[in-house]
Every structure is written in C-alpha cells, then in structure tokens.
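Trainee: Its first residue numbered 10, the first sequence is counted upward by one per residue in the numbering used here. Glycine included, C-beta positions come from ideal geometry on N, C-alpha and C. Every value quoted in this text rests on a predicted model; they were computed, and no experiment measured them.
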Amino acid sequence: MFKQFKREVETALKKAIEDAGYRVNDLELGISPFADLATTVCYRIASSYKVPPDRAAKKIVEAMDTSDMPLIGEVKASGPYINFYTSDRFLTESLRAILKGDLGFESKDEVIILEHTSANPDGPLHIGHIRNTVIGDTLARILRRAGMRVEVEYYVNDMGRQAALVVLGLERFELDRSKKIDHAIADVYVKANRLIEENPELKSEVDQLIRRYEEGDEEVTARFREAVILSLEGIRQSLLRLGVDHDLFVWESDFVRTGDVSKIISWMKEDGSIPLVEKEGALMLDLSEAGFDKEFVLCRSDGTSIYATRDLAYHRFKARRGDRVIDVFGADHKLISSQLSYILGKMGVKKPEIVIFEFVSLPEGSMSTREGKFISCDELIDEVEARARIEVDKRRGDLPAEKRAEIARAVARGAIRYDIVKVSPEKPTVFDWDKALDFEKQSAPYLQYAHARCCSILRKVGGWDVREEEISAIPLDLLRTDQEIKLIKMLSKFSYIIEEAARTLKPNLLATYAKDLVDSFNLFYRDCPVLNAEDDLRKARLALVEATRIILSETLETLGIEALEEM
RNA sequence: GGGCCCAUGGCUCAGCCUGGAUAGAGCACCGGCCUUCUAAGCCGGGGGUCGGGGGUUCAAAUCCCCCUGGGUCCGCCA
Numbered sequence: 010m011f012k013q014f015k016r017e018v019e020t021a022l023k024k025a026i027e028d029a030g031y032r033v034n035d036l037e038l039g040i041s042p043f044a045d046l047a048t049t050v051c052y053r054i055a056s057s058y059k060v061p062p063d064r065a066a067k068k069i070v071e072a073m074d075t076s077d078m079p080l081i082g083e084v085k086a087s088g089p090y091i092n093f094y095t096s097d098r099f100l101t102e103s104l105r106a107i108l109k110g111d112l113g114f115e116s117k118d119e120v121i122i123l124e125h126t127s128a129n130p131d132g133p134l135h136i137g138h139i140r141n142t143v144i145g146d147t148l149a150r151i152l153r154r155a156g157m158r159v160e161v162e163y164y165v166n167d168m169g170r171q172a173a174l175v176v177l178g179l180e181r182f183e184l185d186r187s188k189k190i191d192h193a194i195a196d197v198y199v200k201a202n203r204l205i206e207e208n209p210e211l212k213s214e215v216d217q218l219i220r221r222y223e224e225g226d227e228e229v230t231a232r233f234r235e236a237v238i239l240s241l242e243g244i245r246q247s248l249l250r251l252g253v254d255h256d257l258f259v260w261e262s263d264f265v266r267t268g269d270v271s272k273i274i275s276w277m278k279e280d281g282s283i284p285l286v287e288k289e290g291a292l293m294l295d296l297s298e299a300g301f302d303k304e305f306v307l308c309r310s311d312g313t314s315i316y317a318t319r320d321l322a323y324h325r326f327k328a329r330r331g332d333r334v335i336d337v338f339g340a341d342h343k344l345i346s347s348q349l350s351y352i353l354g355k356m357g358v359k360k361p362e363i364v365i366f367e368f369v370s371l372p373e374g375s376m377s378t379r380e381g382k383f384i385s386c387d388e389l390i391d392e393v394e395a396r397a398r399i400e401v402d403k404r405r406g407d408l409p410a411e412k413r414a415e416i417a418r419a420v421a422r423g424a425i426r427y428d429i430v431k432v433s434p435e436k437p438t439v440f441d442w443d444k445a446l447d448f449e450k451q452s453a454p455y456l457q458y459a460h461a462r463c464c465s466i467l468r469k470v471g472g473w474d475v476r477e478e479e480i481s482a483i484p485l486d487l488l489r490t491d492q493e494i495k496l497i498k499m500l501s502k503f504s505y506i507i508e509e510a511a512r513t514l515k516p517n518l519l520a521t522y523a524k525d526l527v528d529s530f531n532l533f534y535r536d537c538p539v540l541n542a543e544d545d546l547r548k549a550r551l552a553l554v555e556a557t558r559i560i561l562s563e564t565l566e567t568l569g570i571e572a573l574e575e576m
C-alpha cells in the first residue's frame with residue numbers, strides 16, 4: 010500500500026508545485042525520519058526562483074489539495090521541507106489488503122535469464138563461490154516475487170584447463186570414494202596440479218586432451234563427461250542444502266558441437282566491424298577503439314576455441330530466449346565481461362546486466378582450489394548446523410530429535426544465507442567463523458524467531474481461520490499505539506522494497522528490510538499484549554500478528570530462509 | 001605501471017546510485033528485565049575528525065580531483 014501512498018503524494022505534490030507557479034524536473038521525494046515521505050524540492054525552487062525555501066514550502070502546502078487522496082493524512086511544511094503523513098485509512102487498508110492476500114504485486118510479461126554460480130567442475134563449492142550463489146539465488150527470488158519469469162542457469166565450464174586437469178588426474182590417481190564426490194575430485198585436481206608442476210612436460214598432454222575433446226574424440230569425450238558429471242553431482246548436492254536449484258545446466262562444449270562457436274568466428278571474419286588480428290596463427294580482436302589495450306583472443310594457434318569465445322555463443326543463446334539477461338560474476342570477471350558486452354553490442358546481441366561481487370578471503374589470505382586452500386561450502390554448513398543443533402537442544406528438549414534436527418538445518422541454511430546477503434556485493438569480505446556461528450540480532454535466526462513467535466500466538470487461538478468476508482468486520486482502526494502504527498507501516502512497504510531491490514539488483518536491501526520489520530514486530534510484541542487484550546482489540550491485534558506472519562514469511566521465503574513455525 | 005572496487009565507533013556492517021533536518025545497526029563492554037503471548041528477545045549507558053587533503057554547492061559520509069592503505073584484473077587460463 011506504501012506504493013499507492015507514494016503515488017498519491019507524487020500526484021498531489023506535482024499539481025501543488027504547478028499551482029504555486031513553479032516548475033521542477035524531480036519531486037525529490039524520499040523516506041524521512043520525520044515523516045512517511047518528505048521532499049527537499051523547495052531548495053531547488055529557492056535557487057531557481059530566488060525565493061526563500063521556507064516560503065516556497067509554505068506556498069506549495071497552501072496550494073495542495075489532498076481531498077481526493079484517501080491515503081494521505083497530513084501535509085506539513087517544516088521549514089524548507091514538506092512532510093507527508095499517511096492517513097488512518099492507509100493503515101486500515103494496508104492491513105486489510107495483506108489479510109485478503111493482496112500484497113501489491115502484478116505479474117509482468119518479462120522473461121529473465123539469470124546465470125549464477127557457474128563454478129568450475131574441479132572440486133566442491135567453497136565459501137567464495139557461495140557468495141555468488143546466494144546473491145544470484147536471492148536476486149532470482151526477488152525478481153520472481155516482483156512478478157517476472159526467471160530462468161536460472163549454471164554455465165558448466167567443461168572444456169577448460171581445469172576440467173582437463175581433472176581428467177588427467179583421474180587417469181593417474183584413485184578417487185577416494187569414501188568422500189563426497191566433489192571433494193574427492195578436488196583431491197585429484199590438487200594432485201594433478203602438483204604433478205604438472207613437477208613434470209612440466211605433461212603440459213602438452215593437457216593441451217592434447219583439450220584438443221581431442223574439442224574435436225569430439227569419443228574416448229576423451231567420455232572421460233570429460235564422467236569427470237564433469239561427478240563434480241556437478243557434488244556441487245548440486247551442496248546447492249540444494251542452501252535451498253538453491255538451477256533450472257538449466259548449460260555445458261559450454263555444446264556451443265562447439267552445435268557449430269555456434271565457429272559461426273561466431275566466421276561472422277567476425279566476414280563482418281569486419283571489429284578489426285581482426287592474426288598473430289602466429291591465433292585469431293584476435295583489436296578492441297582498442299573501445300579503450301581495451303590488450304587484444305581479445307578468439308582462438309588459439311592450434312585452432313581450438315577459448316572460454317571467452319564460447320561465452321559469446323552462450324550469451325547469444327541466452328539473449329535469444331530472454332527479454333533480459335543477468336549475470337552474477339566475481340570481481341575477477343570485470344574486465345572480460347565488459348569486453349564481452351562490447352563485442353555482443355557489435356554483434357547486435359542484447360547485452361547482459363552484470364552484477365559483480367567482490368571476493369571472500371580467509372584471514373590467512375585468498376582461497377585457491379588448485380592449492381587446496383579453501384573452506385568448502387559443505388564444511389561450513391556442517392559446522393553451522395552442529396552449532397545450531399546445540400542451541401536447539403538447549404532450548405527445546407521437549408521436541409523429538411528429528412524435529413530438532415530439522416530446525417537446526419533450517420537455522421543453518423538461513424544463517425549462512427543471511428550472513429552473505431546482508432553485505433552489499435561490492436564489499437570485499439574476510440571470512441570469520443565467529444560471525445558465521447553468531448545467531449544473535451543481525452542474523453537469520455533472529456528473523457526466524459520472530460516468525461515463530463507470530464505462529465505461537467496464532468496457535469494459541471487455534472490458528473487464523475477468518476474468512477475473507479469477515480475481514481472487513483475486524484475493528485482494525487483500534488490499532489493506534491505507536492508500536493502498532495510503526496509495524497503496519499513496515500508491513501505496507503514490502504512490495505515497495507521488493508521492487509526497489511529488483512530495480513537496482515541489490516538483494517541486500519531486502520535483508521535490511523527484514524531486520525527492520527522484525528525490530529518493529531519485537532517492539533509491538535513487548536508492549537502490546539495480544540491474547541490478554543479486550544475482545545475487539547484482541548481481534549484486531551490477532552489480525553496484525555497474522556499480517557506480520559504473512560509478510561515475514563514472504564520476506565524470508567524471498568531470502569531463501571525457511572519460515573519456521575517453532576524453534 | 002594502467003583499469004576497476006573497497007575504506008564509516010575496539011570489531012563487522014547499513015546509509016553513497018538519486019547531496020539536505022539529530023550518521024543508523026549488530027558484536028564486544030557496563031547496568032537492568034523471565035508469576036503475562038518462546039529471553040535466539042527487550043530496555044538503558046559509554047564509544048564516530050564517515051582513511052587523508054583539496055574542490056563543487058546555500059548544503060557533502062554521499063558528487064569531482066589528488067594522495068594513502070587493502071583487494072582484484074591487465075594469459076593462445078577460466
């Protein structure tokens with residue numbers, strides 16, 4: 010409902026400014042600590058019309074007509090600011106809409122292809138990869154919640170040197186089958202790297218594997234397939250533990266096999282809109298026109314293709330199927346992805362929107378799968394879950410063991426996801442076990458706990474079973490304490506926040522909202538008894554608890570955190 | 001060497017895109033609150049030259065330039 014309120018304010022303000030005899034480009038409306046919405050537009054008017062900003066504010070407020078604006082309560086000039094407040098009707102309508110299942114979204118006719126994670130199949134996901142995973146998956150959930158159709162894809166780098174090294178390693182070292190399969194693959198990969206370092210002459214063998222795979226050699230293809238499928242199996246298990254499921258796994262070798270890669274190369278040769286350079290048999294693009302000082306290599310001197318070229322083919326494939334293409338990439342891909350975008354533009358292919366996140370490092374330095382220096386996603390989940398189990402056991406000895414295990418799993422998944430998503434992607438982070446295992450205020454369990462409290466109250470009255478026709482009869486206008494008003498306003502902002510997060514592709518906005526929402530609920534919980542309230546007030550407060558439960562569970566669901574009914 | 005990102009209380013962060021009214025949280029620290037809906041909670045307290053310097057502006061944590069420190073990229077790797 011906040012969106013409608015904002016729309017009303019925009020309409021009324023725009024007209025009032027005109028009627029006061031001014032003209033502006035931007036209404037400069039924003040959420041303020043002093044009002045529900047406030048504008049600073051009078052400063053602008055002051056400088057262009059040479060009037061004191063306070064006078065402009067007063068004049069605009071006098072010209073303001075809000076008689077057709079049921080959601081606007083009060084409008085006040087406060088010095089140079091104009092403050093807008095919601096009406097009583099706004100509060101009641103907001104709650105009523107939520108209780109009736111209208112959360113303020115409309116479905117949009119837009120298909121988005123979103124790629125995230127796409128880790129190399131050379132070992133398990135580690136805590137750096139899952140920053141990509143959590144940002145990507147949360148974005149997908151936000152966009153879906155905002156009404157878009159989203160297809161989530163994982164690009165499998167099966168043709169690279171890493172995959173080839175695993176293949177080489179598998180031929181010489183035994184897989185430790187007692188381990189989770191992707192971890193066993195990592196062991197082999199680390200050993201293969203060491204082997205190559207000690208015997209550099211083996212490098213040509215790797216090159217050969219790559220070439221034979223690209224040529225479609227059956228025996229080699231089968232070996233690559235097996236290695237990659239094994240890694241992917243383990244990776245998918247880890248993703249599932251985080252509540253993440255891709256719609257499609259796209260193998261880069263497909264683009265070589267279908268001829269898409271060679272089509273792109275011949276297009277480059279014929280079209281000529283990007284200058285082509287040949288150096289010792291290798292084919293490159295000269296991108297100096299766009300300010301890139303190094304050439305962009307299309308294919309190696311031995312004729313084999315290169316990751317970046319295959320990625321061009323993949324992006325063309327994505328662009329054909331979606332109205333928008335979104336990629337979630339690590340900061341190391343910044344340069345290559347801007348080159349990619351430039352080339353796609355020249356090819357007449359829709360450019361991707363790229364969300365970049367900075368690296369996660371360990372206190373002792375950066376991670377490396379090759380050197381076996383990393384904390385795996387599985388290890389992290391295991392540790393957090395074990396810690397959560399201790400906490401659950403401490404508090405809920407009354408529950409059966411399976412139930413406690415289930416709660417611990419949900420708490421662990423949530424804690425990990427929230428810990429990652431609450432930090433904005435451009436911030437480089439250092440992993441910290443103490444923070445990961447902290448279940449206090451700025452954490453998922455804090456949010457889940459508030460949801461459980463809502464459920465607990467509702468459980469005590471036998472659950473919420475008010476039919477839609479009866480909702481209008483609930484005396485919601487009794488909810489007028491500061492705590493109640495604040496909470497209702499928070500609830501009304503859900504769709505507004507989702508759309509902001511979707512527009513700016515910033516999932517951390519929703520994390521902040523979730524915490525603010527729960528803060529407001531906790532104040533209400535402390536000061537406003539529900540079950541012990543007088544008849545009508547009790548009904549109204551129960552409705553507010555139900556509305557909070559709805560919005561909070563929607564928020565948690567969108568963050569990929571399970572909304573627990575008890576914990 | 002060049003490009004991009006980051007720097008906000010002891011620690012971890014929000015706010016920066018779109019400049020405005022007292023810079024918000026959490027952890028840690030100190031002091032309170034379980035005979036009332038789950039204390040993974042709530043209340044109070046101390047603690048900040050928003051890395052440094054210049055500039056733009058009536059107004060800068062927010063925009064621009066320079067510097068410092070950290071990260072990252074600049075492969076016929078992915």
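1) Under three-state DSSP, which class holds Ser-562?
2) If you run the structure through DSSP and keep just helix, strand and coil, what is Ala-29?
3) Let me check understanding here. Comparing Cα to Cα, which of Lys-403, Pro-454, Leu-551 lies closest to Lys-469?
4) At what residues does the beta strand (DSSP E) containing Gly-339 begin and finish?
5) Throw me the rounded Cβ distance for the Phe-264 and Arg-319 pair, which I believe falls under 8 Å.
6) Ser-103: buried (16+ other C-beta within 10 angstroms of its C-beta) or exposed?
7) Excluding five sequence neighbours on each side, which residues of the same chain lie with their C-beta closer than 8 Å to the C-beta of Glu-19?
8) Give me, in chain order, the residues of the same chain whose beta-carbon lies closer than 6 Å to that of Val-143; leave out the 5 immediate sequence neighbours on both sides.
9) With DSSP run on the structure shown, which of helix, strand or coil describes Asn-34?
10) Would you call Pro-361 buried or exposed, if buried means 16 or more other Cβ atoms sit within 10 Å of its Cβ?
11) Over what stretch of residues does the alpha helix (DSSP H) that includes Phe-533 continue unbroken?
12) If we count the other Cβ atoms within 10 Å of its Cβ and call it buried at 16 or more, is Trp-442 buried or exposed?
13) Bridge partners of Val-84, per DSSP?
14) Is it buried or exposed, Phe-383, if we count other Cβ atoms within 10 angstroms and call 16 or more buried?
15) Would you call the region 494 to 504 and the region 128 to 139 touching, i.e. three or more CB-CB distances under 8 Å?
16) From Asn-208 to Leu-526, what does the alpha carbon distance come to, in whole angstroms?
17) Please state if the CB of Gln-492 and the CB of Phe-8 are separated by a distance shorter than 8 Å.
18) Given a cut-off of 8 Å on the beta-carbon distance, is the pair Arg-398 and Ala-417 in contact?
19) Once you ignore the five residues that flank Arg-330 on each side, which residues in its own chain have a CB closer than 8 Å to its CB?
20) Could you give the distance in angstroms between the alpha-carbon of Leu-572 and the alpha-carbon of Gln-457?
21) Just checking my contact of Asp-536 with Thr-490 at CB under 8 Å: how many whole Å lie between their CB atoms?
22) Determine the DSSP secondary structure at Ser-282, reduced to helix, strand or coil.
23) Alpha carbon to alpha carbon, how far is Ala-510 from Gly-252? Give it in angstroms, no decimals.
24) Determine whether the beta carbon atoms of Leu-321 and Ile-363 lie at a separation below 8 Å.
25) Does the distance from the CB of Val-175 to the CB of Ala-201 come in under 8 Å?
26) Using DSSP's beta-bridge definition, name the partner residues of Cys-51.
27) Are there 16 or more other CB atoms within 10 angstroms of the CB of Asn-166, so buried, or fewer, so exposed?
28) If I measure Cβ to Cβ from His-255 and keep anything under 7 Å in the same chain, skipping five residues before and after, which residues do I get?
29) Just to confirm the assignment, what range does the alpha helix (DSSP H) spanning Ile-69 have?
30) Pick out whichever of Gln-246, Leu-519, Asp-216 has its Cα sitting closest to the Cα of Ile-390.
31) If you measure from the CB of Arg-319, is any heavy atom of the ligand FAD nearer than 7 Å?
32) Check Ile-506 in the structure and name its three-state DSSP category.
33) CB Phe-9 to CB Thr-95, shorter than 8 Å?
34) Rounded to a whole number of angstroms, what is the C-alpha to C-alpha distance between Val-306 and Asp-295?
35) Count the other C-beta atoms from every protein chain shown that fall within 10 angstroms of the C-beta of Asn-92, then say buried if there are 16 or more, exposed otherwise.
36) According to the Cβ coordinates, are Ala-317 and Ile-345 closer than 8 Å?
Mentor: Taking the coordinates as given:
1) Locating residue 562 in the first sequence gives position 553, where the first residue counts as 1. Three-state result, Ser-562: helix.
2) Residue 29 sits at position 20 when you count from the first residue of the first sequence. Residue state, collapsed to three classes: coil.
3) Within the first sequence, residue 469 is the residue found at index 460, counting from 1. Ranking Lys-403, Pro-454, Leu-551 by Cα distance to Lys-469 puts Leu-551 first.
4) Taking the first residue of the first sequence as 1, we reach residue 339 at position 330. 333 to 339 is the extent of the beta strand (DSSP E) around Gly-339.
5) As a first step, residue 264 must be located in the first sequence, where it is residue number 255. As a first step, residue 319 must be located in the first sequence, where it is residue number 310. Rounded, the Cβ-Cβ distance is 5 Å, consistent with contact.
6) To locate residue 103, count along the first sequence from 1; it is residue 94. Flag for Ser-103 reads buried.
7) Counted from its first residue, the first sequence places residue 19 at position 10. For Glu-19, where only same-chain residues beyond five positions count, the Cβ hits under 8 Å are Leu-36, Leu-38.
8) Your numbering for residue 143 matches position 134 in the first sequence. Only Arg-426, Ile-429, Val-430 meet the Cβ criterion.
9) Position 25 of the first sequence, counting from 1, holds the residue named residue 34. Asn-34 falls in the coil class under three-state DSSP.
10) By one-based count along the first sequence, residue 361 stands at place 352. It is buried - the Cβ of Pro-361 has at least 16 other Cβ atoms within 10 Å.
11) Residue mapping note: residue 533 aligns to position 524 of the first sequence, counting from 1. Segment 517 to 536, the alpha helix (DSSP H) holding Phe-533.
12) In the first sequence, counting from the first residue as 1, residue 442 sits at position 433. Exposed: under 16 other Cβ atoms inside 10 Å.
13) Residue 84 sits at position 75 when you count from the first residue of the first sequence. According to DSSP, Val-84 bridges with Phe-93.
14) Counting from one through the first sequence, the residue named residue 383 turns up at place 374. Classification of Phe-383: buried, given that the 10 Å Cβ count is 16 or more.
15) no
16) Taking the first residue of the first sequence as position 1, residue 208 is located at position 199. Taking the first residue of the first sequence as position 1, residue 526 is located at position 517. Distance between the alpha carbons of Asn-208 and Leu-526 is about 59 Å.
17) Outside the displayed range of the chain (10 to 576) lies residue 8, so it cannot be described from this structure.
18) Position 389 of the first sequence holds residue 398. Position 408 of the first sequence holds residue 417. Against a cut-off of 8 Å, the Cβ pair of Ala-417 and Arg-398 comes out as a contact.
19) Counting from one through the first sequence, the residue named residue 330 turns up at place 321. Answer for Arg-330: Val-120, Ile-122, Glu-160, listed in chain order.
20) Counting from 1 along the first sequence, the entry for residue 572 is found at position 563. Counting from 1 along the first sequence, the entry for residue 457 is found at position 448. With the sequence shown as reference, residue 572 is identified as Ala, and Leu is not the correct amino acid for it. Computed Cα separation, rounded: 6 Å.
21) The residue given as residue 536 occupies position 527 in the first sequence. The residue given as residue 490 occupies position 481 in the first sequence. 7 Å between Cβ atoms; contact.
22) Here residue 282 refers to the residue found at position 273 of the first sequence. Looking at Ser-282 - three-state DSSP - the assignment turns out to be coil, as it is neither helix nor strand.
23) Position 243 of the first sequence, counted from the start, is the residue given in the question as residue 252. Position 501 of the first sequence, counted from the start, is the residue given in the question as residue 510. Distance between the alpha carbons of Gly-252 and Ala-510 is about 20 Å.
24) Translated into positions along the first sequence, residue 321 becomes position 312. Translated into positions along the first sequence, residue 363 becomes position 354. No. Outside cutoff.
25) In the first sequence, residue 175 corresponds to position 166, counting from 1. In the first sequence, residue 201 corresponds to position 192, counting from 1. In contact: Val-175 and Ala-201 (Cβ atoms closer than 8 Å).
26) To locate residue 51, count along the first sequence from 1; it is residue 42. Cys-51 pairs with nothing; no bridge assigned.
27) Stepping through the first sequence from its first residue, residue 166 is reached at position 157. Looking at its Cβ environment, which holds 16 or more other Cβ atoms inside 10 Å, Asn-166 is buried.
28) For the purposes of this step, residue 255 is identified with residue 246 of the first sequence, where counting begins at 1. Contacts found: Val-161, Glu-162, Tyr-163.
29) Taking the first sequence and counting its residues from 1, the one referred to as residue 69 is at position 60. From DSSP, the alpha helix (DSSP H) with Ile-69 extends over 62 to 72.
30) Counting from 1 along the first sequence, the entry for residue 390 is found at position 381. It is Gln-246.
31) Summarising the ligand content, the structure contains no ligands, and the ligand FAD is consequently not present.
32) Counting from 1 along the first sequence, the entry for residue 506 is found at position 497. In the structure shown, Ile-506 sits in a helix (DSSP, three-state: H, G or I).
33) Residue 9 lies beyond the residue range present for the chain, which begins at 10 and ends at 576; the question has no answer from this structure.
34) Looking up residue 306 in the first sequence gives position 297. Looking up residue 295 in the first sequence gives position 286. About 9 Å.
35) Taking the first sequence and counting its residues from 1, the one referred to as residue 92 is at position 83. With 16 or more other Cβ atoms within 10 Å, it is buried.
36) What you label residue 317 is simply residue 308 of the first sequence in a count that begins at 1. What you label residue 345 is simply residue 336 of the first sequence in a count that begins at 1. Cβ atoms of Ala-317 and Ile-345: closer than 8 Å.
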